[in-house]
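Before any comments, here is the structure.
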Amino acid sequence: MAPEHPEATCKQLYYPDTAILVTRFLSPDGVGEVVDFMPPDRPRTATDRHTLVRVVRAVRGTVDFTLECRPRFDYGRAEHRLELGENTGLLRSPGMDAHLQTSFPLERDGQDVRGRVTLSAGESGGAVFTVCAPGGKAPVPLTVGGLTAQVEDTGRFWQDWLHQSRYRGRWPELVHRSVITLKLLTYAPTGALIAAATMGLPEQVGGERNWDYRFTWVRDGALSVRAMLDLGFVEEATAFVHWLVDRLHEREGKEEESLQTMYRIDGNPDLPEETLEHFEGYRGSYPVRIGNGAADQLQLDIYGEALYAVSQGREIGQQATYRGWKAMAGTLDWLADAWDRPDEGIWETRGGRQDFTYSRVMSWVAFDQGLSLAEHFRRPADVEKWRSARDAVLDQVMERGWSEQQGAFIQHYGGDVLDASLLLMPRAGFIAPKDPAWLSTLDAMDRKLVSDSLVYRYDPAASPDGLRGSEGTFSLCTFLYVDALARAGRLLQARYTFEKMQTYANHVGLFAEEVGPTGEQLGNFPQAFTHLSLIMAATTLDKALDAEQGR
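So in UniProt numbering, the last spot in the sequence shown is 551, and the numbers never skip.
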């Protein structure tokens with residue numbers, strides 16, 4: 001929906017402290033608004049019915065709005081047929097129905113729908129788009145008064161929820177927009193956090209690094225637990241820990257690895273990857289994939305993140321059940337025999353397995369957290385086996401994960417490539433943030449991976465990952481860099497880097513996965529990993545600055 005006037009210009013903002021998006025249109029005839037939101041109706045109830053509401057308003061003058069509704073079902077692979085009423089459209093496909101309701105008349109455009117409404121200052125209207133299973137019950141009739149009430153109820157839901165935040169730092173708008181975004185990316189019935197809301201958006205325009213991020217990565221969700229707890233959102237943190245423990249239960253007693261790298265939001269592990277051959281991709285970025293083949297990869301770092309997330313339960317009075325503990329202990333027993341296997345690593349490379357240093361570091365974290373949990377809760381465990389494995393990992397990383405030539409910890413054994421994932425080493429407790437070896441690593445990364453505060457993951461040319469082309473800088477890595485700088489006491493550099501990174505956000509404070517050469521957003525959007533690392537960086541930097549200033 002948009003004004004009909006060809007000279008209308010557009011500006012956007014969020015209604016304060018909510019996920020209600022306001023798009024303002026300024027034209028020679030007047031000023032209009034489109035207000036978008038999804039009503040949080042019974043958010044914890046799993047349902048196949050989902051609704052998008054668009055309220056249109058004339059703020060000044062007279063505004064002619066037009067509507068076009070052209071849904072394409074099953075990625076354009078399924079036909080649909082239209083059943084049109086005066087103010088309603090029912091679009092039926094084999095796997096889904098879509099109901100369109102408006103406050104103004106509609107007309108047929110083939111099997112699609114269009115409409116037009118003229119509003120004078122103070123008048124409003126709207127459209128409601130609802131998807132459901134085939135044959136689902138039609139939504140209740142639309143009224144303008146009902147739309148107004150839904151806007152108010154939705155705004156109240158978000159403001160009440162955000163009121164829990166205990167963040168009192170220097171960047172409240174940025175941090176709160178990030179945590180609202182994480183909430184939007186969370187499936188409330190299970191607590192699962194998806195990596196991003198999109199699929200197929202390229203990491204390089206015209207390239208092949210185009211993935212489906214609409215799934216729940218163990219790694220991303222586990223790291224979100226700390227971010228949510230730091231801000232006071234205990235319910236969301238607890239829900240994900242429960243989801244994670246359920247995944248461990250499912251693998252209990254099986255000989256293969258205990259966890260898959262990612263799942264569907266309901267915990268289903270079936271994520272077959274396929275290519276949509278009929279799509280050319282965003283600006284020619286082909287292939288367009290759905291599903292994700294990396295689900296079947298071996299990524300040993302996820303066990304460190306998982307055990308770290310579970311260990312946070314101590315802060316909120318959570319104690320693993322006996323069955324839950326047995327599942328975790330079984331996972332660590334398996335890892336004690338598997339930690340030194342080559343894997344695909346955190347970046348899910350498709351060029352063959354390596355002995356990735358970050359995977360080893362996070363395996364160390366898994367054993368360290370497991371030992372701590374066993375002692376704290378007095379649970380039965382093969383502590384000698386875990387302690388032996390933990391110490392062996394430490395010795396191996398310090399010997400084989402270090403490059404004298406680079407003066408730094410490196411991506412994988414036997415190479416000399418730097419990798420930004422290792423910026424998490426101090427946060428993970430593997431090395432002191434001011435250890436000379438770590439400061440040397442930080443300096444090496446500053447020389448090789450940092451470009452005007454932006455940080456590359458690694459150099460694909462120096463460490464082939466099985467994919468053609470290059471990519472932008474990783475926004476996640478930039479915020480991890482800020483965190484590492486702050487922990488190392490380099491506060492001026494950390495703060496300046498953090499402030500500069502804000503200039504790469506879009507106009508409403510959101511980040512995609514990457515930043516391109518000219519500052520454009522690249523990759524799937526908005527990305528949970530980026531926003532949770534922003535929260536982590538902000539809270540670490542706030543704490544360090546407060547300590548410096550004697551607060």
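No residue lacks a Cβ here, since even glycine has one placed at the ideal position from N, Cα and C.
{"Item": "In whole angstroms, what is the alpha-carbon distance linking E348 and G291?", "Value": "14 Å"}
{"Item": "In terms of residue numbering, what span does the beta strand (DSSP E) encompassing H50 cover?", "Value": "50-69"}
{"Item": "Looking only at its own chain, which residues have a Cβ that is under 8 Å from the Cβ of A544, when we skip the five neighbours before and after it?", "Value": "A486, R487, G489, L491, A494"}
{"Item": "Going by DSSP, what residue range makes up the beta strand (DSSP E) through R116?", "Value": "112-120"}
{"Item": "How about V56 and A121: do their beta carbons lie closer than 9 Å?", "Value": "no"}
{"Item": "For K11, name the three-state secondary structure that DSSP assigns.", "Value": "strand"}
{"Item": "So within the segment 152-236, which uninterrupted alpha helix (DSSP H) runs reach at least 4 residues, ignoring any that extend past its ends?", "Value": "172-184, 218-231"}
{"Item": "Would you tell me roughly how many angstroms separate the C-alpha atoms of T238 and N268, rounded to the nearest one?", "Value": "20 Å"}
{"Item": "Measuring CA to CA, which of S363, T357, E404 is closest to W386?", "Value": "S363"}
{"Item": "Roughly how many angstroms lie between the CA atoms of R54 and P39, to the nearest whole one?", "Value": "11 Å"}
{"Item": "Report the option in T88, F73, Q299, H412 whose CA atom is closest to the CA atom of residue 552.", "Value": "Only positions 1 to 551 of the chain appear in the structure, and residue 552 is not among them; the question remains open."}
{"Item": "Would you tell me roughly how many angstroms separate the C-alpha atoms of T207 and E520, rounded to the nearest one?", "Value": "A quick correction: the sequence has Gly, not Thr, at residue 207. Looking at the two C-alpha atoms, the distance is approximately 15 Å."}
{"Item": "Do you know whose CA, among E344, P433, P342, L332, lies nearest E384's CA?", "Value": "L332"}
{"Item": "Nearest by alpha-carbon distance to L307: which of S258, A196, E513, G414 is it?", "Value": "S258"}
{"Item": "In chain order, what residues of the same chain lie with their CB nearer than 6 Å to the CB of Y456, ignoring the 5 residues before and after it?", "Value": "L449, T473"}
{"Item": "Mapping the DSSP letters down to three states, classify L300 as helix, strand or coil.", "Value": "coil"}
{"Item": "Helix, strand or coil: how does DSSP classify M425 here?", "Value": "coil"}
{"Item": "Can you tell me where the beta strand (DSSP E) with V35 in it begins and where it stops?", "Value": "30-37"}
{"Item": "With a threshold of 8 Å, are at least 3 pairs of Cβ atoms found where one atom belongs to the segment 70-87 and the other to the segment 31-38?", "Value": "no"}
{"Item": "Tell me which residues share the same chain as Q260 and place their Cβ nearer than 6 Å to its Cβ, disregarding the 5 neighbours each side in the sequence.", "Value": "P269, A295"}
{"Item": "Closer than 8 Å is the cut-off here; do at least three beta carbon pairs connect the segment 201-217 with the segment 170-184?", "Value": "no"}
{"Item": "Count the other CB atoms, across all protein chains shown, that sit within 10 Å of the CB of Q549; report buried if there are 16 or more and exposed otherwise.", "Value": "exposed"}
{"Item": "Going by C-alpha distance, which of L371, R551, A538, I194 is nearest P172?", "Value": "A538"}
{"Item": "Where do the N-terminal and C-terminal ends of the beta strand (DSSP E) with V22 fall, by residue?", "Value": "21-27"}
{"Item": "Taking a contact to mean a Cβ-Cβ separation below 9 Å, would you say S453 touches D419 in this structure?", "Value": "no"}
{"Item": "For the alpha helix (DSSP H) holding T540, just list the boundary residues, first then last.", "Value": "528-548"}
{"Item": "When the Cα of M328 is compared with those of E305, D340, T51, which residue comes out closest?", "Value": "E305"}
{"Item": "Please determine, among M1, R166, D48, the residue with the shortest C-alpha to C-alpha distance to T118.", "Value": "M1"}
{"Item": "On the DSSP bridge list, what partners appear for T88?", "Value": "Q101"}
{"Item": "Who pairs with T130 in a beta bridge, going by DSSP?", "Value": "T51, H99"}
{"Item": "Our contact map puts S224 next to L193 with C-beta atoms below 8 Å; I'd like the distance itself, whole angstroms only.", "Value": "5 Å"}
{"Item": "I need the boundaries of the beta strand (DSSP E) containing E520, first residue and last residue.", "Value": "Note, E520: premise wrong, no beta strand (DSSP E); not H, not E."}
{"Item": "For the segment 194-205 against the segment 505-515, are there 3 or more C-beta pairs whose distance is under 8 Å?", "Value": "yes"}
{"Item": "Could you name each continuous alpha helix (DSSP H) segment of 4 residues or more that falls completely within the segment 401-454, going from the start of the chain to the end?", "Value": "436-448"}
{"Item": "In angstroms, rounded to a whole number, what distance separates the CA positions of S311 and G145?", "Value": "48 Å"}
{"Item": "If I measure Cβ to Cβ from D230 and keep anything under 6 Å in the same chain, skipping five residues before and after, which residues do I get?", "Value": "T539"}
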